[in-house]
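For the sequence shown, position 360 matches number 360 in my numbering, and the numbering has no gaps at all. Inspection log for the structure reproduced underneath, given as structure tokens.
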Amino acid sequence: MERVVSLSLGEVMLKGNNRKSFIDQIIKQIKRSISDIEHGKIYIDMGKIYISAPNDSIDKIIEKTLDIFGIVYASPCIKINKNMEEFEEAILKSLEEGLDKENKTFKAHCKRSDKSFPIKSMDLNREIGAIVLKNTDLTVDVHNPDIYLYCDIKKDVYIYTKKHKARGGLPLGTNGKGLLLLSGGIDSPVAGYMMAKRGIKLSALHFHSYPFTSKRAEEKVHNLARILSRYSGRIKIYSVNLLPIQKEINKNCPEREMTIISRRFMMRIARKISIENGYKSIITGENLGQVASQTIDGLNVTNSIADMLVFRPLIGMDKIDIINIANKIGTYETSIQPFEDCCTVFLPKHPVLRPKPEDIEASESLLEVENLVESAIKEMKIVEID
Ligand code: ATP
Ligand code: MG
1 MERVVSLSLG EVMLKGNNRK SFIDQIIKQI KRSISDIEHG KIYIDMGKIY ISAPNDSIDK
61 IIEKTLDIFG IVYASPCIKI NKNMEEFEEA ILKSLEEGLD KENKTFKAHC KRSDKSFPIK
121 SMDLNREIGA IVLKNTDLTV DVHNPDIYLY CDIKKDVYIY TKKHKARGGL PLGTNGKGLL
181 LLSGGIDSPV AGYMMAKRGI KLSALHFHSY PFTSKRAEEK VHNLARILSR YSGRIKIYSV
241 NLLPIQKEIN KNCPEREMTI ISRRFMMRIA RKISIENGYK SIITGENLGQ VASQTIDGLN
301 VTNSIADMLV FRPLIGMDKI DIINIANKIG TYETSIQPFE DCCTVFLPKH PVLRPKPEDI
361 EASESLLEVE NLVESAIKEM KIVEID
């Protein structure tokens, strides 16, 4: 009898030819995240990943693996071999460890992946039922049992009662690299998380207005990136001072266009950094109708600058649902710390709600757009967060 953690892979198993590289990537993330926990070999047995480990490590390993994208469930299992000598003992041990005092009913749930195994799932279910009925006070309930007894027949046999729900998604980086526009707000970390979950490896671009915005505001953004790195691995942050650009806009353009023109500059800079560094997508926390610059017209004039794929995973969500995710991924408390953002520095009293492309372009023609972008990027700082 041996202790192992089993990891179910869900969507990854549908990936045909790519399956192996997806699984390799998940295993790489597992190794990285449990490197300081004692464990044995990590292996695959007919479609699931297994980690053998001493009993003391099992819960710690499960906690870590729940955060790895591509994993759907994690279970603490007892592993036995197929001669089944230890079957009854393993069933009873698994039950004893998984049972709550209130549990009155059970159901056996066998899955025979190895079809050469001579006992069919239904017969094995009956055998388990007989063992449990003989040794405990539990009764069978096939519709709504208090506890399941799972038994997977693969190269070896795995017995367990708990399935801990993990984050799902696709393994990190299997959809390439993306550049997240990361502010200090609630939305953008959630947007980054959602795209990382679909297999994008994140880097972040942050705009500040130092010295109008403080060093602590920047530190807050680093802290948000640190929380995201729990899911996304090491994150590179490009930190750009937008103040010289904001001053130029403020001096030359109508006040009510301040925000929308700033946002177009953010896009220009994001696009240039993306092209130069191989990011195939830009990610923002924009959300339809949330603020003046996120009306359809506002988004259109910002979007037209990008000229590449821009993901806005929050576009149709309600704020309350965004906040729920922020809480779940652990960014909310940091996001609500009250530090000023670069956008608030020159906030217009009456921002334009329906900007027309030709008006905005006319205003921008008064600026040295290319030079401003160039020098903002030249002055940019880069840090790596792990
Ligand atoms: P909030 O939760 O306050 O809405 P937010 O981050 O969504 O925070 P918005 O003003 O709604 O802020 O900005 C919309 C999007 O534009 C952000 O989600 C982010 O992707 C990008 N953005 C805004 N400000 C910055 C900034 N200072 N640096 C980088 N990206 C920014
Ligand atoms: Mg927002």
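Heads up, the beta-carbon is just placed ideally off N, CA and C, and yes, glycines get one too.
When you compare only the Cα positions, how much space is there between residue i and residue j?
i           : j           : result
residue 228 : residue 310 : 20 angstroms
residue 288 : residue 334 : 24 angstroms
residue 2   : residue 184 : 47 angstroms
residue 225 : residue 324 : 18 angstroms
residue 270 : residue 249 : 18 angstroms
residue 157 : residue 85  : 11 angstroms
residue 15  : residue 72  : 15 angstroms
residue 162 : residue 111 : 15 angstroms
Can you tell which of the options has the C-alpha that lies nearest to the C-alpha of residue i?
i           : options               : result
residue 253 : 47, 63, 183 and 348   : 348
residue 337 : 363, 220, 244 and 270 : 220
residue 180 : 165, 163 and 201      : 201
residue 283 : 84, 203 and 340       : 203
residue 266 : 290, 169, 377 and 160 : 377
residue 302 : 317, 286 and 316      : 286
residue 236 : 90, 247 and 223       : 223
residue 53  : 35, 68, 66 and 128    : 35
residue 40  : 58, 75 and 13         : 58
Which of the three DSSP states is assigned to residue i in this structure?
i           : result
residue 343 : helix
residue 118 : coil
residue 106 : strand
residue 157 : strand
residue 259 : helix
residue 356 : coil
residue 93  : helix
residue 39  : coil
residue 65  : helix
residue 191 : helix
residue 222 : helix
residue 379 : coil
residue 241 : strand
residue 334 : helix
residue 204 : strand
residue 73  : strand
residue 173 : coil
residue 100 : coil
In chain order, what residues of the same chain have a beta carbon less than 6 angstroms from the beta carbon of residue i, not counting five sequence neighbours either side?
i           : result
residue 351 : 256, 259 and 292
residue 190 : 322, 325 and 326
Looking only at its own chain, which residues have a Cβ that is under 8 angstroms from the Cβ of residue i, when we skip the five neighbours before and after it?
i           : result
residue 142 : 107
residue 234 : 384, 385 and 386
residue 212 : 243, 340, 342 and 345
residue 89  : 1
residue 268 : 305, 369 and 373
Mind reading off the beta-carbon distance from residue i to residue j? Whole number of angstroms is fine, and I expect it under 8 angstroms.
i           : j           : result
residue 164 : residue 62  : 6 angstroms
residue 355 : residue 304 : Wrong, their Cβ atoms sit about 11 angstroms apart, outside the cutoff.
residue 169 : residue 134 : At roughly 43 angstroms, the Cβ-Cβ gap does not stay under 8 angstroms, so residue 169 and residue 134 are not in contact.
residue 21  : residue 178 : Not quite, the Cβ-Cβ distance comes to about 19 angstroms (not below 8 angstroms), so this is no contact.
Is residue i a contact residue of the ligand MN, with contact defined as CB to any heavy atom under 7 angstroms?
i           : result
residue 217 : Questions concerning the ligand MN fall outside what the structure shown contains, since the ligands it does hold are the ligand ATP and the ligand MG.
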